[in-house]
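S.K.: Listed in order, the protein sequences are those of chains H and D. At position 28 of the first sequence the residue is numbered 27 (numbering that gives the first Met the number 0), and the sequence of numbers has no breaks. At position 74 of the second sequence the residue is numbered 73 (numbering that gives the first Met the number 0), and the sequence of numbers has no breaks. The C-beta atom is built at its ideal place from N, Cα and C for all residues, glycine as well.
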Amino acid sequence: MGKAEVEKKGGANHLAGWEEVFYGLVKAVELIFSGDPDVVQITILSLRVSGLATLIGGALGIPLGALVALRTFRGKTLVVSVINTLMGLPPVLVGLVYYILLSSTGPLGFLRLLYTPEAMILAQLTMVLPIAAGVTISSVSTIDPKLREVAVSLGANPLQETAILLWEARVGLLTALVVGFGAAISEVGAIMIVGGNLLGYTRALTTAIVLLTNQGEFVEAIALGIILLTLAFLVNAILTLLQMRSRSSLFAQIYTREPRLKW
Amino acid sequence: MVNVYKLFGGRQVLKNICLDVRRGEILSIIGPSGAGKTTLLKLMDLLLHPDRGKIFFDGVDTDVDEKRRRLLRREMGMVFQHPALFDTTVFNNVALGLRIRGYPAEEIRKRVEGALSYVGLRGFAKRKVLSLSAGEAQRVSLARALVLEPKLLLLDEPTANLDPANVLQIEETVRRVNLEKGVTVVIATHNLLQAKRLSHRVAFLWMGELVEVGETREVFENPRSERTALYLSGKVVY
């Protein structure tokens, strides 16, 4: 059912709640299969921004979390508390801080990043990093301390010891990525502020939904919401599958590539 | 070990330990729980530093930097009281020490298969460790140490909480590895019969002090120390 039919029924603005959801679902299918260039561009941007933020945030947050979990140092409790607090960082606040930093009069204004996808990545990565670090700390901390002793007893150097323990916590590390991606892809406040929601450039699925909702275009907003949900589901399904596989064959696959792990 | 002391949080766990482990022997460290047996073994495996005294391995002073201690540690294999296996397959667990040392994949495969056969676990390579019984898990842990072909094998209560069949299997493996490969074995146990069955010499550790060291038969039949006699007769109970 297309927009014309929706309009015949009195327009999207006058539909009952359940009808909007139904037409939204139909519209979503239509948008997915019609390959609407705007929707494709918005979807790809969302994936690129949140995907890169998750990858970079994970690449920085996981080693940071491992370092904090495995080393003993003064102020460790404080560091863990700070990381845990930052896990609940309000996106709007992140957006505001980056806006101030990146605006033309701000200290990082010379980078000219405001209203660019890079600024959006930066904002989301700031939220993903503490999530990745926090989940890593909690996963690595639950590893049996005896395993660490075994690794050292087997002759592992500190780097090998860390790699072995991280591998043992691999399910938790994938959880860190799943949670991080979930937070990034569903976030709107920060990227709205630093991205500006510019059509064809910085408009992501979440910011487009906000705009459509403000314009009263509920069917389209719901359609994009369904695409967003599907996307989040697919990425999470892949990561969950990896989590499940990592308990079995992934270890063997990686570990049998001996040249890569000649410690 | 020469005049070795070890403290934990101000508490003296080992006092003035002087112990010579002879090449090719099986030495049992006997003593009640809390006597310091595990700490002694961890000191031998260079997992801990003594607070005082010296530890020599193969004539080499082990009071060196961590890198050199690691190289010395790689000449040893240790089996802990709890198997402490990594959450993966039996093969990956046994292969870990070899991978750490950078052995090629084909040699790892051969050596792991050999070690598993040695401990009576042929065909277990692909099994997940979570599916193993306690006895099988402990034998995997033993294979993980044996696959490294250590000069010194350290066993910390390796058969505690195991059924008699597994105890015998592990004891038989230890005996074979000592006889056939000439591996020196130090076993910490509170199982006196096991010490009697397995070892050439026995050392009695009591409250962190090495009370008596001697040939197994001599210690069991004619203990020099009264404390040893009391312990062997079952009168010193903790």
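(1) I'd like the span of the alpha helix (DSSP H) that includes H:Glu186, first residue to last.
(2) Tell me whether D:Asp50 is buried or exposed, calling it buried when 16 or more other Cβ atoms sit within 10 Å of its Cβ.
(3) Determine the extent of the beta strand (DSSP E) in which D:Met75 is found, giving its start and end residues.
(4) Confirm, please, whether the CB-CB distance from H:Lys26 to H:Val218 is below 8 Å.
(5) With DSSP as the reference, label D:Glu211 as helix, strand or coil.
(6) In chain D, which residues lie less than 7 Å from H:Val151 when you measure between Cβ atoms?
(7) At a cut of 8 Å, does the region 174 to 186 of chain D reach the region 21 to 34 of chain D through at least three beta carbon pairs?
(8) Tell me which same chain residues have a C-beta within less than 6 Å of the C-beta of H:Leu223, skipping the five on either side of it?
(9) Tell me the residue span of the beta strand (DSSP E) that contains D:Asn91.
(10) Got a sec? Which residues, its chain only, sit under 7 Å from H:Pro258 by beta carbon, not counting five neighbours each side?
(11) What does H:Ala182 touch in chain D if you count any residue whose Cβ is under 9 Å from its own?
(12) Hey, out of D:Pro103, D:Leu13, D:Ala104 and D:Val93, whose CA is closest to D:Arg52's CA?
(13) What did DSSP end up calling H:Ala52 once you bin it into helix, strand or coil?
(14) Just tell me which of D:Ser140, D:Glu170 and D:Leu151 has its CA closest to the CA of D:Gly181.
(15) Starting from D:Arg10, follow its DSSP beta bridges and name the residues at the other end.
(16) What separation, rounded to the nearest whole angstrom, lies between the Cα atoms of D:Gly134 and D:Leu71?
(17) From D:Ile16 to D:Gly213, what distance separates their C-alpha atoms?
(18) With distances taken Cα to Cα, identify the nearest neighbour of H:Val91 among H:Leu173, H:Ala183 and H:Leu227.
(19) Can you find the residues in the same chain that come closer than 6 Å, C-beta to C-beta, to D:Asp155, ignoring five residues on each side of it along the sequence?
(20) Check each candidate in H:Leu172, H:Gly34, H:Val38 and H:Ser45 and name the one with the smallest Cα separation from H:Val187.
(21) Identify whether D:Ile186 lies in helix, strand or coil by the three-state DSSP scheme.
(22) Would you list the residues sitting across from D:Phe203 in a DSSP beta bridge?
(23) Would you say H:Ile163 and H:Ala175 are within 8 Å of each other, going by their C-beta atoms?
(24) Which bits of chain H does D:Asn79 rub up against, with CB to CB less than 9 Å?
(25) Quick one: using the 10 Å Cβ neighbour count with 16 as the cut-off for buried, is H:Pro129 buried or exposed?
(26) Are the region 54 to 66 of chain H and the region 119 to 129 of chain H touching, with three or more C-beta to C-beta distances below 8 Å?
(27) Compute the distance between the beta-carbons of D:Ala94 and D:Val111, then report whether it is under 8 Å.
(28) Whose Cβ in chain D lies nearer than 8 Å to the Cβ of H:Gln159?
(29) So, does the CB of H:Ala222 fall closer than 8 Å to a CB anywhere in chain D?
(30) Suppose you measure from the CA of H:Ala122 to the CA of H:Ser185; what does that come to, to the nearest Å?
(31) Mind listing the chain D neighbours of H:Asn196? Cutoff is C-beta to C-beta under 7 Å, in chain order.
(32) On the DSSP bridge list, what partners appear for D:Ile16?
(33) Less than 8 Å between CB atoms is the rule here; does D:Arg138 satisfy it with respect to chain H?
(34) Closest to D:Tyr102 by CA distance: which of D:Thr87, D:Arg69 and D:Leu147 is it?
(35) Could you give the DSSP three-state label for D:Arg51: helix, strand or coil?
(36) Any beta carbon from chain D within less than 8 Å of H:Ala155's own beta carbon?
M.R.: Reading from the atomic positions:
(1) For H:Glu186, no alpha helix (DSSP H) run applies, since DSSP gives it neither H nor E.
(2) Counting Cβ neighbours within 10 Å, D:Asp50 comes out exposed, since fewer than 16 surround it.
(3) That run of the beta strand (DSSP E) goes Met75 to Val78.
(4) Taking 8 Å as the Cβ cut-off, H:Val218 and H:Lys26 qualify as a contacting pair.
(5) If DSSP states are grouped into helix, strand and coil, D:Glu211 belongs with the strands.
(6) For the C-beta of H:Val151, the chain D residues within less than 7 Å are, from N- to C-terminus, Leu46.
(7) Contact holds: three or more Cβ-Cβ distances are below 8 Å.
(8) For H:Leu223, where only same-chain residues beyond five positions count, the Cβ hits under 6 Å are Leu204, Ala207 and Ile208.
(9) Taken as a continuous stretch (DSSP letters only), D:Asn91 belongs to no beta strand (DSSP E), being part of the alpha helix (DSSP H) at Val89 to Ile99.
(10) Bear in mind that a pLDDT of 32 at H:Pro258, under 50, signals an unreliable position, so the number given afterwards is only what the model happens to contain. Nothing listed; no residue qualifies.
(11) Simply none; closest approach about 27 Å.
(12) Note that residue 52 of chain D is Gly in the sequence shown here, rather than Arg. Cα-wise, what sits closest to D:Gly52 is D:Leu13.
(13) Three-state result, H:Ala52: helix.
(14) It is D:Leu151 whose Cα lies nearest to the Cα of D:Gly181.
(15) Per DSSP, D:Phe7.
(16) Their backbone Cα atoms lie some 29 Å apart in a straight line.
(17) Using only the alpha carbons, I get a separation of about 15 Å.
(18) Selected option, being the one with the closest Cα: H:Ala183.
(19) Taken in chain order, the residues that qualify are Thr37, Leu40, Phe79, Gln80 and Ala187.
(20) That would be H:Ser45, whose Cα lies nearest to the Cα of H:Val187.
(21) Note: D:Ile186 maps to strand in three-state DSSP.
(22) Beta-bridge analysis with DSSP links D:Phe203 to D:Ile29 and D:Glu211.
(23) No. Outside cutoff.
(24) Residue identity differs from the one stated: residue 79 of chain D is Phe in this sequence, not Asn. Those are Lys145, Glu148, Val149 and Ser152, listed as they occur along chain H.
(25) That one is buried.
(26) By the Cβ criterion, the region 54 to 66 of chain H is in contact with the region 119 to 129 of chain H, since at least three pairs of Cβ atoms, one from each stretch, lie closer than 8 Å.
(27) Closer than 8 Å, so yes.
(28) By Cβ distance, chain D contributes Ile99.
(29) At a cut-off of 8 Å between beta carbons, H:Ala222 makes no contact with chain D.
(30) For H:Ala122 and H:Ser185, the distance between alpha carbons rounds to 13 Å.
(31) The premise fails here: H:Asn196 is roughly 45 Å from chain D at the closest Cβ pair, so nothing lies under 7 Å.
(32) D:Val3.
(33) No, its Cβ sits nowhere closer than 8 Å to a Cβ of chain H.
(34) Check the Cα spacing between D:Tyr102 and each of D:Thr87, D:Arg69 and D:Leu147: the tightest is with D:Leu147.
(35) D:Arg51 carries a strand assignment under DSSP once its states are collapsed to helix, strand and coil.
(36) Yes - at least one Cβ of chain D is within 8 Å of the one on H:Ala155.
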